Every structure is written in structure tokens, then in C-alpha cells.
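One structure is given below, encoded as C-alpha cells.
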DNA sequence: GGGAATGCATCTGTATGCAGATCGAGGAAA
DNA sequence: TTTCCTCGATCTGCATACAGATGCATTCCC
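Chains as they are written, first to last, in this note's numbering: chain A, 7 to 219; chain B, 7 to 219.
In C-alpha cells:
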């Protein structure tokens with residue numbers, strides 16, 4: 007077994023190219039080319055493609071090349087809505103379950119992000135934003151919900167890259183985070199859920215601009 | 007290509023054996039035996055197993071046989087909780103979105119199920135129950151939520167087989183369905199969601215009896 | 001007798017070859 | 001010129017072959 011790359015590594019690598027936009031929706035994934043690129047035979051490439059298909063990142067049809075998933079407008083909005091609902095669930099659960107340490111870390115990290123907003127550091131804020139939401143997902147203390155929300159987020163990622171380029175988006179996002187944090191700190195699950203839902207829904211509206219099918 | 011079975015057919019067949027309990031959690035899935043059983047070579051079997059792994063129905067480790075997923079007690083309860091939350095979302099959305107025809111069909115089919123309860127027809131009621139919940143999932147008119155809830159349900163199915171054997175479970179389930187239907191018919195999303203959550207949570211409690219890890 | 005080492009049977013992971021399907025270019029007919 | 005057909009290049013789906021990993025039972029040493 008002198009494989010250049012394992013199936014798991016290929017899955018990661020290809021998934022990464024898709025979610026980072028290196029590969030565009032609709033792009034074909036030719037088994038032979040991928041095999042050459044990763045220095046393996048077609049067999050492991052096929053297995054990787056099948057797994058990516060199950061993850062929803064590529065679409066497969068019999069005797070056709072796999073293509074990077076290009077979800078329809080309708081399905082895309084259903085994913086955004088689902089994302090908002092999942093965030094609501096996470097925030098609500100988190101408000102009742104986060105440990106003292108988790109709450110403190112959420113608060114501190116949120117406060118620190120104010121500086122990024124003031125400096126207009128979009129890249130850094132985007133990274134922080136991922137961290138903020140991940141804190142919520144973890145704070146819910148429900149592994150399966152975490153899996154569902156992570157999976158949905160991964161599939162949405164190709165469609166929300168330009169999000170924070172919108173004017174005023176940073177400070178708006180910050181104040182929405184503020185609402186969520188406040189509700190969580192006082193243990194108000196319903197309010198936290200509502201704020202989280204609103205936060206993600208707004209992102210959704212903005213994103214539809216980029217989501218022409 | 008004189009394959010006896012396609013990969014897709016194998017995925018379905020094996021998934022079916024898992025969710026119907028023909029294969030128990032923990033059971034090994036030997037590639038060679040499966041290849042012999044389905045009259046194909048190991049290559050398509052491997053692809054099927056990888057897809058089942060991505061679906062969460064089997065677990066795979068390097069150089070080990072795939073085994074039917076046997077989730078830990080903690081993860082199992084997180085799945086039941088997630089299921090309840092998803093049902094809540096579906097019911098809430100369905101209350102506001104179901105078409106007139108869908109509402110009528112839900113009501114009629116629910117009423118008809120009373121007969122199954124009276125006769126103690128457990129098998130038939132279980133089938134009806136799947137139908138009832140599927141109506142909710144569809145009624146939410148959100149394809150991605152449908153996908154998430156279906157996937158979670160599939161992964162839970164090996165752990166809820168004996169559910170309706172519990173004494174008095176049928177009539178209790180019926181009256182809980184009644185609550186959901188009533189709320190949906192009058193368009194009360196919050197009440198429908200609450201009732202659906204309660205319904206599934208109760209199932210969860212009952213099921214933990216069978217879910218020793 | 002108990003525990004560690006070893007060899008064999010078995011299984012997984014990947015490469016390669018072949019059959020069938022698909023797609024597109026080029027030519028023939030209208 | 002347009003449309004349809006054909007043929008070949010290309011690609012997918014699967015079978016087979018082989019190398020490496022694993023597990024178990026036997027054996028050896030203490």
C-alpha cells in the first residue's frame with residue numbers, strides 16, 4: 007500500500023476546496039484527474055466521491071461525473087431556514103446548560119470582538135464569528151444537534167462567503183450577538199433562541215443576493 | 007457488467023436490515039460475506055459500506071470490519087432530544103404551512119387510526135405512526151429540515167423497536183397525536199410544536215429502557 | 001501453569017483491467 | 001443551413017489481483 011493519499015484525506019481536501027470556494031458549484035469532479043492529482047488509483051477516489059455525495063457536497067448520477075452540488079434556490083432557502091431553526095435550538099438549550107466557564111468565555115470573547123468591528127477587520131471578524139457560533143453549538147451540550155448544525159453549516163458555507171462585505175454588516179452582527187449573549191447570561195432560553203433565530207435569518211436574507219440559482 | 011446488485015440497492019437493503027432490526031447494533035459487516043450474499047465483488051460492497059458509514063448507520067475504523075452503529079447512552083439521548091426538537095420545528099412550521107388538502111388528509115388518517123388503537127393492532131399502528139410523522143415532516147415544507155429529521159429518525163430506528171409493546175402506549179400515542187392535530191388545524195404553531203415535542207420526548211423516556219449501551 | 005512471542009488464516013486497502021455508458025465531433029440527408 | 005445519425009474517445013462501474021494489517025491460536029520460554 008504505497009498510496010499517496012488516503013480516502014479520508016481526500017474527502018477532507020475536496021470538501022475543503024468546495025466549502026472554501028476553490029471549486030465552484032457545478033464543477034465536474036473527474037475520477038481519473040483526481041486520481042492523478044492525489045497520486046492514487048481511481049478506486050479510493052470513487053470511495054471519497056461517494057462519501058462526499060452522502061455529505062451532500064457533490065451530486066452523483068449513474069455513469070456521470072460527480073459535480074459540486076449546486077443547490078436550487080428553493081432548497082437553498084430551506085437550508086437557511088433550517089440553519090436558523092437549529093441556531094434557535096442551540097441558543098435556547100445553551101441558555102439553560104452552559105457552564106459558568108462557558109458563559110464567561112462567551113462573554114469575554116464577544117466583548118473582545120468589538121475591537122474587530124471598530125477596526126473593520128472583516129477577515130478576523132469572520133473567524134471570530136465562526137468561533138461565536140461554535141460556542142453556541144457546544145453550549146447546547148447535545149452531540150447530535152451539534153452534528154446536524156455543523157453539517158448544515160458546512161453545506162451552506164459556499165453560499166455565504168461574501169456575507170460580511172455588506173456595508174454595516176459587522177456592527178449589526180455585533181449587536182445581534184450582544185442580544186444573544188445577554189439573554190444567555192440571564193438564562194432566558196426563549197429570548198436567546200429568538201435572538202439567534204433573528205440573527206441567522208438576517209444573514210439568510212443578505213445571502214440570497216449571492217444565491218442566484 | 008453482470009452485477010447481481012447495484013451499490014444503491016445494497017445500501018437500501020443493508021440500511022433496511024439495520025433499521026428493521028434484522029441486524030443488531032454491534033454486528034459485524036464482513037465485506038467478503040456481503041459480496042457473496044449480493045453476488046458482487048468487494049468493490050461495490052465497500053462503496054455501500056462507506057455510504058452507510060456517512061449515513062451514520064455503520065461505524066468504520068481502518069482495517070476493521072464495519073459494524074452496525076451502537077451509539078453510547080449519552081449520544082443516544084442527544085439523538086432523542088434532537089429528534090424531539092426537530093419534531094417541534096416541523097409541527098410548528100406545519101401548523102402555518104400545511105395546505106388545506108394536507109390538513110384534511112392528516113385529520114382523516116388520524117381519525118382512522120382510532121380503530122387500530124381499539125383493536126390493539128400494534129403492527130398496523132406502528133406503520134400508521136410512521137405515516138403520521140411523515141405527514142408532519144412534509145407539512146413543514148422545508149426540504150432540508152425533512153432531510154435532517156429523516157436522517158435522525160433512521161439512525162434512531164434500531165433503538166425504538168419495542169416501543170409500542172409498552173402497555174397503554176397505543177392509546178396514549180393516539181391522544182398525543184390528537185393534541186398535535188388539533189393545534190395544527192387551528193393554526194397554532196407554538197401549541198403544535200409543544201405537543202409534538204412532548205409526544206416524542208415521552209417516546210424517548212420509554213425507549214431508554216431498551217437502550218442499554 | 002502463565003505469559004509472551006510467533007506464524008498462519010483472514011480481512012482490509014488499493015491497483016489494474018475490462019465491459020458498458022455517455023458525450024461530442026463530423027458527416028450525410030433534408 | 002439545419003438536423004439527425006454514427007462512430008470514436010472518454011469516462012464510469014465492477015471484477016480481480018495483490019500487498020499490508022489484524023487477530024487468534026499455537027508454541028516457546030520462564
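We put the beta carbon where it would ideally sit given N, CA and C, even for glycine.
On a predicted model such as this, the values are computed, not experimentally measured, just so you know.
Query	Result
Where does the unbroken beta strand (DSSP E) through residue 146 of chain A begin, and where does it stop?	No beta strand (DSSP E) holds residue 146 of chain A; DSSP gives it neither H nor E.
Suppose you measure from the CA of residue 233 of chain B to the CA of residue 130 of chain B; what does that come to, to the nearest Å?	Past the boundaries of the shown model lies residue 233 of chain B; chain B is included only from 7 to 219, so the question cannot be answered.
Please name the residue or residues paired with residue 73 of chain B in a DSSP beta bridge.	B:34, B:65
When you compare the CB of residue 52 of chain B with every CB in chain A, is at least one pair closer than 8 Å?	yes
Please list, in chain order, the chain A residues whose beta carbon lies closer than 7 Å to that of residue 116 of chain B.	None at all; the shortest Cβ gap to chain A is about 25 Å.
Where does residue 9 of chain B land, buried or exposed, given buried means 16+ other C-beta within 10 angstroms?	Any reading at residue 9 of chain B must be qualified, since the residue scores a pLDDT of 45, below 50, and its modelled position is unreliable; no value is offered.
Under the three-state reduction of DSSP, which class applies to residue 27 of chain B: helix, strand or coil?	coil
What residues in its chain sit with their C-beta under 6 Å from that of residue 57 of chain A, if we drop five residues either side in the sequence?	17
Is the beta carbon of residue 40 of chain B sitting closer than 8 Å to the one on residue 25 of chain B?	no
Counting only Cβ pairs nearer than 9 Å, list the residues of chain A close to residue 154 of chain B.	88, 92, 154, 157, 158
From which residue to which residue does the alpha helix (DSSP H) around residue 185 of chain B run?	175-191
Looking at chain B, which residues of the segment 190-207 of chain A have a Cβ within less than 8 Å of any of its Cβ atoms?	none
In three-state DSSP terms, what is residue 15 of chain A?	helix
Can you check which of these residues, A:76, A:14, A:21, A:91, is closest to residue 202 of chain A by C-alpha distance?	A:91
Applying the 10 Å Cβ sphere with the 16-neighbour rule, what's the burial state of residue 164 of chain A?	buried
Identify, in the order they occur along the chain, each residue of the same chain with its Cβ nearer than 6 Å to the Cβ of residue 143 of chain A, setting aside the five sequence neighbours on each side.	96, 152, 155
Among the residues of its own chain, which have a CB less than 6 Å from the CB of residue 205 of chain B, if the five just before and after it don't count?	182
Between the alpha carbons of residue 212 of chain A and residue 113 of chain B, how many angstroms are there, rounded?	Low per-residue confidence applies at residue 212 of chain A: pLDDT is 48, beneath 50, and the placement is therefore not dependable, though the value from the model is reported in the following sentence. Residue 212 of chain A and residue 113 of chain B: Cα-Cα distance of roughly 38 Å.
Classify residue 147 of chain A as buried or exposed, calling it buried when 16 or more other Cβ atoms lie within 10 Å of its own Cβ.	buried
Going by other Cβ atoms of all chains shown within 10 Å of its Cβ, with 16 needed for buried, is residue 69 of chain A buried or exposed?	exposed
Using alpha carbons as the reference points, say which of A:191, A:102, A:77 lies closest to residue 111 of chain A.	A:191
Tell me whether residue 125 of chain A sits in a helix, a strand or coil according to DSSP, three-state version.	helix
Kindly list, in the order they appear in chain B, the residues whose Cβ is closer than 8 Å to that of residue 148 of chain A.	84, 87, 88
Cα separation between residue 64 of chain B and residue 12 of chain B?	19 Å
Which residues of chain B have a Cβ atom closer than 8 Å to the Cβ of residue 57 of chain A, listed in chain order?	56, 57, 59, 60
Per DSSP, what kind of secondary structure is residue 156 of chain B in: helix, strand or coil?	helix
Pull up the CB-CB distance for residue 73 of chain A and residue 37 of chain A, whole angstroms please, since I reckon it's below 8 Å.	So it is not a contact: roughly 12 Å between Cβ atoms.
Are the Cβ atoms of residue 98 of chain B and residue 174 of chain B separated by less than 8 Å?	no
Just curious, the alpha helix (DSSP H) that residue 86 of chain A is in, first and last residue?	79-103
Using a Cβ cut-off of 7 Å, pull out every chain A residue sitting near residue 81 of chain B, in sequence order please.	149, 150
Since residue 123 of chain A and residue 176 of chain A are thought to touch, with beta carbons under 8 Å apart, how far apart are those beta carbons, to the nearest angstrom?	5 Å
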